[in-house]
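Enquirer: Shown below is the structure under consideration.
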Amino acid sequence: MKSVIKLTLVLILISSCSKKKTTESKIITKKIEYGIIITDYLESEKYKPTVVFNNPNYNNKKSIIRLLGNEISWSEKNNALEIIINGNKINTSDKVTLNNNWGNSVDSVNFANNVRQIKLYESESLIGFILTNEPCSGLGCSVNYQLIYDLSTKSESYFGRFRTGFELELYDFNQDSKIDFLSKTFYGRNEQMIDTTEFIMYSQIEKGKFAEFKTEKQKRFSFKHIYPQIYPDRNKDSILEEFEEHWIEKILD
1 MKSVIKLTLV LILISSCSKK KTTESKIITK KIEYGIIITD YLESEKYKPT VVFNNPNYNN
61 KKSIIRLLGN EISWSEKNNA LEIIINGNKI NTSDKVTLNN NWGNSVDSVN FANNVRQIKL
121 YESESLIGFI LTNEPCSGLG CSVNYQLIYD LSTKSESYFG RFRTGFELEL YDFNQDSKID
181 FLSKTFYGRN EQMIDTTEFI MYSQIEKGKF AEFKTEKQKR FSFKHIYPQI YPDRNKDSIL
241 EEFEEHWIEK ILD
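Structural data, given as C-alpha cells:
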C-alpha cells in the first residue's frame, strides 16, 4: 500500500512539473516596435501646413511658383542654390546646418542645388523647404536639407539629414504655442549592423530663428532610436530595438 502511495505522489509531481514547463514555454517576450511608436507620437504633435508644393520634376532647377500670394523662385547659381521669396534673395553658398546630420559634424548647405518640396504655414508666417542635390549619386542620394523661412522677419534656419528621411514637419511639443522643429542626427552603422538616430528639439526664438530648446534644469531635449538593419540572412526578431529618451514628456507608457 505504501509503495502505491509513493508511486502516486511521484506521478503527481511529474505531472505538475510538466504543466509548469508547458506554461513557461508559452511566455513570449513581445517585441516593441519603437519606430511605429515614434511615428504615431510625432503625428499627434505636428502642425498641419496650409499648402504643400511638390516639385514634379527634381531635375527642374529653375522654377517660379505662387503660394497664396507668395512668389517663390529658385535656380542654381555659382555652385549653390539661390531662392527668391517675395523679392528677398537668399543663397545657400555660405550656410551650414544648425544640427549635426551625421555623427558630430554639421554640414554645408551649398551641396543643395534644387527644391524638392515647399510647405506654407500661413497662420505661423513660415515657409519650409526641402533642398536636395539632383541628379544624385552614391551617398549624396541620402542627403537633404530643411530650410525654415520666417516671412515676417525674413530669417533663415537650416537643418540637415543623412539617411533619416526626406520630410519637414513643424510641431508644438510642450504646448507653449511656440513652433518646434525636430532635427535628426545619424550616428552610422556599427559592426553588428545597428543604426542609431538621435532626435533633438529646436524651438523658434526671437526674430524668427530656431535654436536648440533648453531650460535651466536641462540643456538638451532628445530621444534616440537604436535599430537593426534587416537583410535576407538575418532574423528580424533576433535583435530587439532600443529607445532612450530625455524628453519634455514621457513618450513610452
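For what it's worth, our numbering labels the leading residue of the sequence shown as 1, then goes sequentially.
Don't be surprised by glycine CBs; every beta carbon is placed ideally from N, CA and C.
Identify whether residue 206 lies in helix, strand or coil by the three-state DSSP scheme.
Expert: Residue state, collapsed to three classes: helix.
Enquirer: Suppose the cutoff is 6 Å on Cβ atoms and the five residues either side in sequence are ignored; what does the same chain contact list for residue 91 look like?
Expert: 80 and 82
Enquirer: Kindly indicate which residue of 249, 226 and 166 has the alpha-carbon position closest to the one of residue 286.
Expert: With the chain running from 1 to 253 in the structure shown, residue 286 is simply not present.
Enquirer: Determine the closest residue to residue 110 out of 209, 154 and 160, with distance taken between C-alpha atoms.
Expert: 160
Enquirer: If you reduce the DSSP assignment to three classes, tell me which class residue 139 lands in.
Expert: helix
Enquirer: Are the beta-carbon atoms belonging to residue 256 and residue 202 less than 8 Å from one another?
Expert: Outside the displayed range of the chain (1 to 253) lies residue 256, so it cannot be described from this structure.
Enquirer: How would you write the range of the alpha helix (DSSP H) that residue 40 sits in, first residue to last?
Expert: 34-45
Enquirer: Could you check which residue in 119, 133 and 204 has the C-alpha nearest to that of residue 76?
Expert: 133
Enquirer: For residue 102, which residues of its own chain have a beta-carbon under 6 Å away from its beta-carbon, when the five flanking residues on both sides are left out?
Expert: 162 and 186
Enquirer: Can you tell me which of the three DSSP states residue 109 falls into?
Expert: The answer is helix: DSSP assigns residue 109 an H, G or I state.
Enquirer: With distance defined between alpha-carbon atoms, name the residue in 167, 38, 95 and 154 nearest to residue 340.
Expert: It is not possible to answer for residue 340, since the shown part of the chain is limited to 1 through 253.
Enquirer: Apart from the five residues on each side of it in sequence, which residues of its chain come closer than 6 Å, Cβ to Cβ, to residue 154?
Expert: The beta carbon of residue 154 sits closer than 6 Å to those of 88, all from its chain and outside the five residues before and after it, given in chain order.
Enquirer: So, for residue 151: in the same chain, excluding its five sequence neighbours on each side, which residues have a beta-carbon less than 8 Å away from its beta-carbon?
Expert: 70, 85, 86, 125, 126 and 127
Enquirer: Going by DSSP in three states, residue 154 sits in which element: helix, strand or coil?
Expert: In this structure, residue 154 counts as coil in the three-state DSSP scheme.
Enquirer: Could you pull out every residue in the same chain whose Cβ sits closer than 8 Å to the Cβ of residue 95, ignoring the five residues on either side in sequence?
Expert: 108, 109, 110, 156 and 158
Enquirer: Just checking my contact of residue 47 with residue 170 at CB under 8 Å: how many whole Å lie between their CB atoms?
Expert: The Cβ separation is near 5 Å, so the contact holds.
Enquirer: Terminal residues of the continuous beta strand (DSSP E) containing residue 115?
Expert: 114-121
Enquirer: Specify the secondary structure class of residue 243 as computed by DSSP and reduced to three states.
Expert: strand
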